[in-house]
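To start, the structure under review is shown below, and the notes come after it.
In the working numbering, the protein residues as written are -6 to 154.
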């Protein structure tokens, strides 16, 4: 299995995982986020398949991160809506790790690529996966902060929430 075939399989696995999570979150805003991510992973797989088949493709910028942020805008108390699902934080952490692994793999493939066209594709995929990583990093912060955040001068300077 070459790097392109491996990357296609990884993207299809990611798409499947995000669709399963969308199904598990049908009654909340995360359904839309997981569906956006699943579609993004599907798009990445198609790009890779086009590369494999030597079909021309366009590396258009993707607005998944902006769309995901819009899903949570004006939603009120985020924590109360999602704490009913005890393993949800584990899902976010697993997805975060998957995205981190994808970034590392695509960076490796980028370094190993011998032609500029393939190098450009893997550079693009690194940026896309970094956006996915930010989504889950932010989701984890949104869920964890209410339990960890203490607003009191005696606890020192805190970053903006």
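Yeah, the Cβ is synthetic: ideal placement off N, Cα and C, and Gly gets one too.
Owing to the predicted nature of the structure, the values given are computational and were not obtained by experimental measurement.
Note to self: With distance defined between alpha-carbon atoms, name the residue in 33, 50, 26, 1 nearest to residue 85.
What the structure shows: 26
Next item on the list: Taking only the alpha-carbon atoms, compute the straight-line gap between residue 71 and residue 45 and give it to the nearest angstrom.
Entry: The predicted position of residue 71 is uncertain, since its pLDDT is 42 and thus under 50; no value can be drawn from it.
Next item on the list: Pick out the complete alpha helix (DSSP H) segments inside the segment 93 to 118, 4 residues or longer, and give them in chain order.
Entry: none
Next item on the list: Please check the pair residue 112 and residue 103, which I expect to be a contact at CB under 8 angstroms, by giving their CB distance rounded to whole angstroms.
Entry: 6 angstroms
Check: Are the Cβ atoms of residue 28 and residue 114 separated by less than 8 angstroms?
Finding: no
Notebook entry, point to check: Helix, strand or coil: which one does DSSP assign to residue 193?
Noted result: This structure cannot settle anything about residue 193, because the visible part of the chain is limited to -6 through 154.
Next item on the list: Name the residue from 17, -4, 21, 36 whose alpha carbon lies nearest to the alpha carbon of residue 8.
Entry: 36
Note to self: In whole angstroms, give me the CA-to-CA distance for residue 116 and residue 19.
What the structure shows: 33 angstroms
Note to self: Checking 8 angstroms against the spacing of the C-beta atoms, do residue 95 and residue 122 come in under that value?
What the structure shows: yes
Notebook entry, point to check: For the alpha helix (DSSP H) that residue 25 lies in, which residues bound it at each end?
Noted result: 23 to 45
Next item on the list: Note down, in chain order, each residue of its chain lying with its Cβ closer than 7 angstroms to the Cβ of residue 34, except the 5 sequence neighbours on either side.
Entry: 4, 7, 8, 11
Notebook entry, point to check: When you compare only the Cα positions, how much space is there between residue -2 and residue 132?
Noted result: 31 angstroms
Note to self: On a Cα-Cα basis, can you pick out the residue from 42, 110, 23, 31 that is closest to residue 82?
What the structure shows: 23
Check: Going by Cα to Cα distance, which pick from 47, 31, 16, 21 is closest to residue 108?
Finding: 47
Notebook entry, point to check: Is the Cβ-Cβ distance between residue 15 and residue 41 less than 8 angstroms?
Noted result: no
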